[in-house]
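Engineer: Structure in C-alpha cells, see below.
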Amino acid sequence: MPTPRPSETLAHPTRRPAIVTGASSGIGLAAAVHLASLGHPVVLGARRTDICEAAAQKITDAGGEAIAVPLDVTDARSVEEFTAAAEAAVGPVEILVSSAGDVLPSSTIGTDPETFRHQMEVNLLGVHRLVTLVVPAMVERQRGDVVFISSDVVSRPRPNMSSYVTAKWGLEGLIHAMRMEMEGTGVRVSTVRPGPTVTGMGAGWDLEVVAPLLEEWNRWGLMRHDGYLSADGVAAAVAAIVTAPRGTHLAAIDVLPEAPVRPRSNEPVDRARETGAN
Ligand SMILES: NC(=O)c1ccc[n+]([C@@H]2O[C@H](COP(=O)([O-])OP(=O)(O)OC[C@H]3O[C@@H](n4cnc5c(N)ncnc54)[C@H](OP(=O)(O)O)[C@@H]3O)[C@@H](O)[C@H]2O)c1
649 MPTPRPSETL AHPTRRPAIV TGASSGIGLA AAVHLASLGH PVVLGARRTD
699 ICEAAAQKIT DAGGEAIAVP LDVTDARSVE EFTAAAEAAV GPVEILVSSA
749 GDVLPSSTIG TDPETFRHQM EVNLLGVHRL VTLVVPAMVE RQRGDVVFIS
799 SDVVSRPRPN MSSYVTAKWG LEGLIHAMRM EMEGTGVRVS TVRPGPTVTG
849 MGAGWDLEVV APLLEEWNRW GLMRHDGYLS ADGVAAAVAA IVTAPRGTHL
899 AAIDVLPEAP VRPRSNEPVD RARETGAN
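Take 649 as the starting number for the sequence shown in the working numbering and just add one per residue.
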C-alpha cells in the first residue's frame with residue numbers, strides 16, 4: 649500500500665481556474681468577482697448571459713481573467729456544454745462554486761407536484777449534474793475545491809418554503825456523503841450556509857406574499873433580528889475556503905447577519921450615580 653502524502657507538503661498550483669454557477673446575480677456574482685480579484689480565472693454561468701458577459705467584461709477591464717458561458721442547470725445538455733466550454737477557455741477546473749438556486753414562497757400542500765419537481769431540478773439535481781462532470785478530473789489531479797452554497801434553512805427550516813427546504817436538505821445529504829467519499833482524494837468539499845442575504849432572491853415578491861411569510865416566521869421564532877447579509881459578505885466565506893492552504897479544510901461555514909448593535913440599556917445600573925451618592 650502506498651504511503652499517503654502529508655497534505656501540508658502539497659501546494660495549490662499558481663493558476664486555479666474557478667467556475668461559478670448562478671453568477672448573474674447575488675452570491676454567485678459576488679463570489680465570481682471576489683475570486684477574480686484574487687487572481688483566479690473565472691467562468692460565470694447562468695441563464696442571463698448578458699449580465700454574466702457584462703460582469704466578465706468588468707473583471708477583464710480591471711485586469712482579471714473571466715468569461716461568461718450560458719448555463720441552465722436543469723438542462724443536462726446545457727450543463728455538459730457549459731463544462732466543456734469552461735475547460736476549453738480556462739483549462740482544468742480547480743474550483744467549483746455552486747450557487748445557482750431558486751426559492752418559492754409556497755407551502756407543501758400549496759405547491760403543485762410539477763413545480764415542486766422543478767425546484768428539485770434547480771436546487772439539487774442540477775448541482776449533482778455538474779458535480780459528475782467536474783469532480784472526476786479533480787480526483788484524478790488529487791486536488792480541487794467544491795463549494796456548495798446551502799442555506800440556514802437546513803439548521804432552521806422555515807414554513808412556506810417547502811420545496812426549497814426539501815432541496816437544501818437533500819443537497820446537504822449529498823454534501824455529507826460526498827465529503828466522506830472524497831476524503832483522502834485531495835478534493836475538499838465545503839458548505840457555505842448563509843442566513844438572510846440581500847440578493848435577487850425573493851426581491852420580486854409582492855408585499856401580500858412577504859408579510860404573512862414574515863409573520864409566520866416570527867410565530868416560529870425564526871426572526872432573531874432584522875439584520876441582513878450582503879452578497880459580498882457571503883463571497884468572503886467562499887474566498888476563505890478556497891484560499892485555505894493545502895492541509896487545511898474549511899468544511900462548513902455558517903454565515904449569519906450580524907445583529908444590529910443594541911443600546912447599552914442592559915448594562916449594570918450605577919446606583920451611586922442614580923442616588924447622587926459619592
Ligand atoms: N438570498 C438569501 O437570503 C439566501 C440565503 C441562504 C442561501 N441562499 C442561496 O444562495 C444561492 C444564490 O442565491 P442568491 O441569494 O444569490 O439569489 P439570486 O440573486 O436570485 O441568484 C440566483 C442565481 O441562480 C441562477 N439560477 C437560477 N436558476 C438557474 C438555472 N436553472 N440554471 C442556472 N442558473 C440558475 C440565477 O441566474 P439566472 O436567472 O440568470 O439563470 C442567479 O444567478 C442559492 O443557492 C440560494 O439558495 C440565499
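Glycine residues also receive a C-beta, built at the ideal position from the N, C-alpha and C atoms.
So what's Pro-689 in DSSP terms, helix, strand or just coil?
Structural biologist: Here residue 689 refers to the residue found at position 41 when the sequence shown is read from its first residue. Reduced to three states, the DSSP call for Pro-689 is coil.
Engineer: Measure from the alpha carbon of Pro-807 to the alpha carbon of each residue in Val-837, Val-721, Glu-788 and Gly-869, then state which is nearest.
Structural biologist: As a first step, residue 807 must be located in the sequence shown, where it is residue number 159. Measuring from the Cα of Pro-807, the nearest candidate turns out to be Gly-869.
Engineer: In the DSSP assignment, find the unbroken alpha helix (DSSP H) run with Ser-811 in it and report its ends.
Structural biologist: The sequence position of residue 811 within the sequence shown is 163, counting from 1. First-last of the alpha helix (DSSP H) with Ser-811: 810 to 830.
Engineer: Check Ala-925 in the structure and name its three-state DSSP category.
Structural biologist: Position 277 of the sequence shown, counting from 1, holds the residue named residue 925. For Ala-925, the pLDDT reaches just 45, beneath the cut-off of 50, and the residue's location in the model is therefore unreliable, leaving the point undetermined.
Engineer: Assign Tyr-876 to buried or exposed, taking buried as 16 or more other Cβ atoms, counted over all protein chains shown, within 10 Å of its Cβ.
Structural biologist: The sequence position of residue 876 within the sequence shown is 228, counting from 1. Exposed.
Engineer: Are the Cβ atoms of Val-837 and Met-826 separated by less than 7 angstroms?
Structural biologist: Within the sequence shown, residue 837 is the residue found at index 189, counting from 1. Within the sequence shown, residue 826 is the residue found at index 178, counting from 1. Yes, the Cβ-Cβ distance between Val-837 and Met-826 is below 7 angstroms.
Engineer: Among the residues of its own chain, which have a CB less than 8 angstroms from the CB of Ser-755, if the five just before and after it don't count?
Structural biologist: Along the sequence shown, one-based indexing puts residue 755 at 107. For Ser-755, where only same-chain residues beyond five positions count, the Cβ hits under 8 angstroms are Pro-807, Asn-808 and Ser-810.
Engineer: Tell me the DSSP bridge mates of Arg-765?
Structural biologist: What you label residue 765 is simply residue 117 of the sequence shown in a count that begins at 1. Beta-bridge pairing links Arg-765 to no other residue.
Engineer: Whose C-beta lies closer than 6 angstroms to the C-beta of Gly-712 among residues of the same chain, with five residues either side of it excluded?
Structural biologist: The residue labelled residue 712 in the question sits at position 64 within the sequence shown. Excluding residues within five positions, the ones whose Cβ falls inside 6 angstroms are Ala-684.
Engineer: According to DSSP, is Ala-907 part of a helix, a strand, or is it coil?
Structural biologist: Numbered from 1 along the sequence shown, position 259 holds the residue referred to as residue 907. Residue state, collapsed to three classes: coil.
Engineer: Can you round the beta-carbon distance between Val-668 and Ser-747 to whole angstroms, since I take them to be within the 8 angstroms contact cut?
Structural biologist: Walking along the sequence shown from the start, residue 668 turns up at place 20. Walking along the sequence shown from the start, residue 747 turns up at place 99. Confirmed, Cβ separation roughly 6 angstroms.
Engineer: Quick test of your reading: Arg-696 and Ser-726, contact by CB under 8 angstroms. State the CB separation rounded to the nearest angstrom.
Structural biologist: Taking the sequence shown and counting its residues from 1, one reaches residue 696 at position 48. Taking the sequence shown and counting its residues from 1, one reaches residue 726 at position 78. Not confirmed; about 13 angstroms, so no contact.
Engineer: Taking only the alpha-carbon atoms, compute the straight-line gap between Ala-892 and Gly-758 and give it to the nearest angstrom.
Structural biologist: Within the sequence shown, numbered from 1, the residue matching residue 892 stands at position 244. Within the sequence shown, numbered from 1, the residue matching residue 758 stands at position 110. Distance between the alpha carbons of Ala-892 and Gly-758 is about 43 angstroms.
Engineer: Spell out a yes or no on whether the region 897 to 906 and the region 856 to 870 are touching, meaning 3 or more CB-CB pairs, one atom from each, closer than 8 angstroms.
Structural biologist: At 8 angstroms Cβ cutoff, the stretches do not touch.
Engineer: Is any heavy atom of ligand 1 found at a distance shorter than 6 angstroms from the C-beta of Ser-838?
Structural biologist: Here residue 838 corresponds to residue number 190 of the sequence shown, with the count starting at 1. No, Cβ of Ser-838 sits at least 6 angstroms from all heavy atoms of ligand 1.
Engineer: Is it buried or exposed, Ala-703, if we count other Cβ atoms within 10 angstroms and call 16 or more buried?
Structural biologist: Start at 1 with the first residue of the sequence shown, and residue 703 comes out as number 55. Its Cβ being crowded by 16 or more others within 10 Å, Ala-703 is buried.
Engineer: Can you tell me the Cα-Cα spacing of Thr-845 and Arg-789, whole angstroms?
Structural biologist: If you number the sequence shown from 1, residue 845 lands on position 197. If you number the sequence shown from 1, residue 789 lands on position 141. Looking at the two C-alpha atoms, the distance is approximately 35 angstroms.
Engineer: Going along the chain, which unbroken runs of the alpha helix (DSSP H) with 4 or more residues stay wholly within the region 651 to 725?
Structural biologist: Within the region 651 to 725, the complete alpha helix (DSSP H) runs of at least 4 residues are 674 to 685 and 697 to 709.
Engineer: When DSSP labels each residue in this structure, what does Thr-896 get in the three-state scheme?
Structural biologist: If you number the sequence shown from 1, residue 896 lands on position 248. Note: Thr-896 maps to coil in three-state DSSP.
Engineer: Give me the Cα-Cα distance between Ala-659 and Pro-784, rounded to the nearest whole angstrom.
Structural biologist: If you number the sequence shown from 1, residue 659 lands on position 11. If you number the sequence shown from 1, residue 784 lands on position 136. Near 20 angstroms, if we compare the C-alpha coordinates of Pro-784 and Ala-659.
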